[in-house]
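Colleague:
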Amino acid sequence: MKKLVQDFEVLQRKELNDEHFVLDVKALEPLPEIRPGQFVNVLVKDSNTTFLRRPLSIHFVDYEHNTISLYIKKIGDGTKKLGNLKEGDSLNIVYPLGNQYSIPNNANTLLVGGGCGVAPLLYLAKHLKEAGNNVTTLLGVRSEKDAVELDAYKEYGNILVTTEDGSFGEKGYPTQHSVLEKEKFDYVFTCGPEPMMKAVAAYSVQKNIPCEVSLENTMACGFGACLCCITETTEGNKCTCTEGPVFNINDLKW
Amino acid sequence: MVNLGVKLKDLSLKNPVMTASGTFGFGEEFEDFIDLSNLGGILVKGTTRHHREGNPYPRMAETPSGMLNAVGLQNKGVENFCKEIYPRIKHYDTNILVNVSGSVIEDYVETAAMINELEYIPAIELNISCPNVKEGGMAFGTSCTSAASVVKAVREVYNKHLMVKLSPNVTDITEIAKAVEAEGADSVSLINTLLGMAIDAETRKPLLSTVTGGLSGPAVKPVALRMVWQVFNAVNIPIVGLGGIMNAKDAIEFILAGATAIQIGTANFIDPQVTEKVVVGIEDYMKRHNVQDINDLIGTLQIQ
Ligand SMILES: Cc1cc2nc3c(=O)[nH]c(=O)nc-3n(C[C@H](O)[C@H](O)[C@H](O)COP(=O)(O)OP(=O)(O)OC[C@H]3O[C@@H](n4cnc5c(N)ncnc54)[C@H](O)[C@@H]3O)c2cc1C
Ligand SMILES: Cc1cc2nc3c(=O)[nH]c(=O)nc-3n(C[C@H](O)[C@H](O)[C@H](O)COP(=O)(O)O)c2cc1C
Ligand code: FES
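What follows is the structure in C-alpha cells.
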C-alpha cells in the first residue's frame, strides 16, 4: 500500500462535547484503499511546540465524497490547534499508515472503546458488518454528554454504553458491563487508555477469545524510519507504526 | 544549468544533499515519497557488530523546535545487513553509506571490515559518539586519544572513503576533528545529537526511559553551524554539515559555513519529501545568486 503526503481540505468540524470533535477532510485526489485500524499523521502548522506530526486514527472513510473523518480529543497544543481548523483550511497528511485489524467472517464480534480510543472503531464496525459479522460496540465514557455518535454505530450493529457516573447506560467501566457475561463473543477488538485495554485483554484471555488492541505509542515519523515507537513483543521490539498499531494480545508482553 | 555535484575527496555526489543516519531507515521507508536517485547519498541506520534491541520505550520526547531520542542503536547487526538488507538496496542509484557504531574498538573494526567487502557501499560513516565500554562508558568521540585510536584501527581494515561523525558533546570539537584527520579520516560529518533531557512536571518523571537522550532538529542548528564553521577553519578534509536542517536556506547556511555536503535528519519525519525539495531549493538559490557551481559557495561566508 503506497504511502502518500497530501494536502486535504477541511470540510467541517463537528464539536461533539467540550473535549472531542470530528474533523471531516476532503482529499483533492481519489483516496487510496484505507483499512480499518490504519492511521494518518497530520501536520499542525505555525507552532513550535508541536514540531512533530500528530498521529490520529482513521475514524471513517467516505469514498463517495472522498473524505476521511478524524475523531480527536483535545489534550495539548496540537490537538487544540486542530480544533480551531475551519471549513476551507488545508491540512497536510501522511497516510495510510500502519497495519489493520483482522476481519473475521460470520463471527460474533465485540468492540470496546474508551476516550479517544473509540476513533478507529466506527470504520472497523463497518468492515466487520460487511463481512457478515454480528457487531456489538461497547463504549466507556465518563457521563452522558460523552456518549456521542451512537447512531453512527447503530448502523452497523448493537451499541452499548457504560458511564462512570451512571448517567447513561450501565454504571462503571466497560469491562464491568453485563453483556460480557451474558453473551458469547468470538472476537474482541479494543482501543483506548492502556488500563482499559489491559482489562479487556484479561477478559479475552479468561474467556479464551482472540483479542486485538490498537496501541498509541508516541511517534516521530509514523512510517518506520526512526524506531522511536517500539513496543515489546514476544519476538522482540516491534515497530508500532508499521508492524502495529494493531497487535494481537498474545504477541504483547502484557 | 548549474553544477550541483560535489566531491568528498574521491567520493562524488551528484548534489550535496544526503540523509542522516537513524532518520532514514534503510532508504526503503522513503521509496513511496521520493526518488532516491535524486539525492547525493543516503546514510543507512546505525549498524553494529551484533544485534541490539536498543533502549526500552519511551525513546522519544518532543521538545520546542526539536526532539530527544534514545533509540539506542537498535539494529540486527552487520551480518544481517550484509545478507538481508544490502541485496535489497544495493541497486539504488545514489551513494549508500553505512553508519558504523560500536562499544569496543574490535567491534568497529570487524564491522568496517565486513562492509569493506560490499561493492556498492563506497563509504562508511564512523559514529564515535557511542560509549566506550572499555574506557568506562565515556564516548569514543569525547577524547582525542580514544577518537584517534578507533579511527586508526578502522583505517587499517577499511580502504574506501572513511567519514567520521563527530559528537558535539565536547569542549573543543576542533581538537577531535584534527585528531581524526591525523589518523586518516577522509572527511568529517557533524553534528551528532546534543545530550539533553526532558521532564514531565506533573508526574515528576523523565520523559525518556534512559533519562537523557540526544537532541536534534532546528533547536540544535545554531550550535551545529558554529561547529561546522570552527572545524572548517581547523582541518583540510571536507566537512559534511548537519543538525536541524529543515529547508534549502538552512542547507545553504551550512555550505557557506564550510560544509561540502549536508545531511538531513529529523526533518524527514515532518516532511518525508524534504530532501528532494532541498535539492531543488539549492538550485533555485544558485540561480538567484548567479552561482554556476555549488563548489564556489563552500566556506564563502563573508566576514568583514
Ligand atoms: C497510532 C495512533 C493513533 C491515534 N489516534 C488518535 C485519535 O484517533 N484521536 C485522538 O484524539 N488521538 C489519537 N492519538 C493520540 C494523539 O496522537 C495525541 O493525543 C496527540 O499527539 C497529542 O498532541 P497534542 O499536541 O495535543 O498534545 P501534547 O502537547 O503533545 O501532549 C499532551 C500530553 O499528552 C501526552 N501524550 C501525547 N501523546 C501521547 C501518546 N500518544 N501517548 C501517551 N501520552 C501522550 C503528552 O506526554 C503530554 O503529557 C493517536 C496516537 C497514535 C500513536
Ligand atoms: C531517531 C534518531 C536516530 C538516530 N540514530 C543515529 C545513528 O544510529 N547513528 C548516528 O550516527 N546518528 C544518529 N542520529 C543522529 C542524526 O543522524 C543526526 O546527527 C542528528 O539528528 C542531527 O541532525 P538533524 O537535526 O537533522 O536530525 C539519530 C537521530 C535521530 C533523531
Ligand atoms: S514512529 Fe518512527 S518508526 Fe514508528
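For the protein sequence lines, the chains are A and B, in the order given. The first sequence lines up with residues 1 to 254 when you count with the working numbering. The second sequence lines up with residues 1001 to 1304 when you count with the working numbering. Heads up, the beta-carbon is just placed ideally off N, CA and C, and yes, glycines get one too.
Skipping 5 residues on each side, what residues in its chain have a beta carbon closer than 7 Å to that of T49/A?
Modeller: Excluding residues within five positions, the ones whose Cβ falls inside 7 Å are D77.
Colleague: If E87/A sits next to Q12/A, beta carbons under 8 Å apart, how far is it from one beta carbon to the other, in whole angstroms?
Modeller: Their Cβ separation, rounded to whole angstroms, is 6 Å, which keeps E87/A and Q12/A in contact under 8 Å.
Colleague: Would you report the Cα separation of V1017/B and Q100/A, rounded to the nearest angstrom?
Modeller: Their Cα atoms are separated by approximately 35 Å.
Colleague: Which parts of the segment 42 to 92 of chain A are runs of the beta strand (DSSP E), unbroken and 3 residues or longer, counting only runs that do not cross its ends?
Modeller: Correct list: 54 to 57, 60 to 62, 67 to 73.
Colleague: Would you say T1063/B lies against chain A (beta-carbon separation less than 9 Å)?
Modeller: Answer yes: the Cβ-Cβ gap between T1063/B and chain A drops below 9 Å somewhere.
Colleague: For P1087/B, is the classification buried or exposed, using 16 other Cβ atoms within 10 angstroms of its Cβ as the cut-off for buried?
Modeller: It counts as exposed.
Colleague: Indicate whether the contact test is met: 3 or more Cβ pairs, each with one atom in the segment 108 to 115 of chain A and one in the segment 123 to 141 of chain A, closer than 8 Å.
Modeller: Yes, since at least three Cβ pairs between the segment 108 to 115 of chain A and the segment 123 to 141 of chain A fall closer than 8 Å, the two stretches touch.
Colleague: Just to confirm, is the Cβ distance from G244/A to C221/A under 9 Å?
Modeller: For G244/A and C221/A, no; Cβs fall outside 9 Å.
Colleague: Measuring only between beta-carbons, confirm whether P1206/B sits less than 9 Å from chain A.
Modeller: For P1206/B, the answer is no, since every Cβ of chain A falls outside 9 Å of its Cβ.
Colleague: Do A119/A and L72/A come within 9 Å of each other at the CB atom, strictly closer than that value?
Modeller: In the sequence on display, residue 72/A carries Ile and not Leu. It is a contact, given that the beta carbons lie within the stated cut-off.
Colleague: Out of I1128/B, I1298/B, E1117/B, I1255/B, state which residue places its alpha-carbon closest to the alpha-carbon of D958/B.
Modeller: Lying outside 1001 to 1304, the shown extent of chain B, residue 958/B is not represented and no answer is given.
Colleague: Would the beta-carbon of N237/A fall within 9 Å of that of E1053/B?
Modeller: Contact: yes.
Colleague: Can you list, in chain order, the residues of the segment 209 to 221 of chain A whose Cβ is nearer than 8 Å to any Cβ on chain B?
Modeller: If the cut-off is 8 Å between Cβ atoms, the segment 209 to 221 of chain A has N217, T218, M219, A220, C221 near chain B.
Colleague: Mapping DSSP to helix, strand and coil, what is R1052/B?
Modeller: It is a strand residue.
Colleague: Given A201/A, which residues of its chain have a CB within under 7 Å of its CB, disregarding the five upstream and five downstream residues?
Modeller: So the list reads C211, V213, I249, W254, once near-sequence residues are dropped.
Colleague: Kindly indicate which three-state DSSP category D24/A falls into: helix, strand or coil?
Modeller: Three-state DSSP puts D24/A in a strand.
Colleague: Measuring alpha carbon to alpha carbon, tell me which of I1191/B, H1051/B, C1130/B, E1119/B ends up nearest H1161/B.
Modeller: It is E1119/B.
Colleague: Quick check on R1155/B: does DSSP put it in helix, strand or coil?
Modeller: Looking at R1155/B - three-state DSSP - the assignment turns out to be helix.
Colleague: Judging by CA-CA distance, which residue of E130/A, T67/A, L160/A is the nearest neighbour of I103/A?
Modeller: Taking only the C-alpha atoms, the option nearest I103/A is E130/A.
Colleague: Between which two residues does the alpha helix (DSSP H) harbouring R1088/B extend?
Modeller: 1086 to 1089 is the extent of the alpha helix (DSSP H) around R1088/B.
Colleague: If you draw a straight line from the C-alpha of E9/A to the C-alpha of A27/A, how long is it?
Modeller: Straight-line Cα distance between these residues: approximately 7 Å.
Colleague: Between F1140/B and chain A, is there a C-beta pair that is closer than 9 Å?
Modeller: Not closer than 9 Å to any Cβ of chain A, the Cβ of F1140/B fails to qualify, so no.
Colleague: Scan the segment 1269 to 1294 of chain B for residues whose Cβ lies nearer than 9 Å to a Cβ of chain A and list them as they occur along the chain.
Modeller: If the cut-off is 9 Å between Cβ atoms, the segment 1269 to 1294 of chain B has F1269, I1270, D1271, P1272, Q1273 near chain A.
Colleague: Give the C-beta separation of G132/A and N105/A to the nearest angstrom, bearing in mind that I take them to be a contact with Cβ-Cβ under 8 Å.
Modeller: Confirmed, about 5 Å.
Colleague: Return the CA-CA distance between R54/A and G1265/B, expressed in angstroms with no decimal places.
Modeller: Whole-angstrom Cα-Cα distance: 18 Å.
Colleague: Going by CA-CA distance only, name the one from L180/A, L43/A, E144/A that's closest to S167/A.
Modeller: Residue E144/A is the option with its Cα nearest to S167/A.
Colleague: Taking the alpha-carbon of L52/A as reference, which of E1062/B, H1050/B, N1055/B, G1046/B has the nearest alpha-carbon?
Modeller: For the residues E1062/B, H1050/B, N1055/B, G1046/B, the minimum Cα distance to L52/A belongs to E1062/B.
Colleague: Determine the closest residue to K1152/B out of N1169/B, I1105/B, T1171/B, with distance taken between C-alpha atoms.
Modeller: Considering only alpha carbons, the answer is I1105/B.
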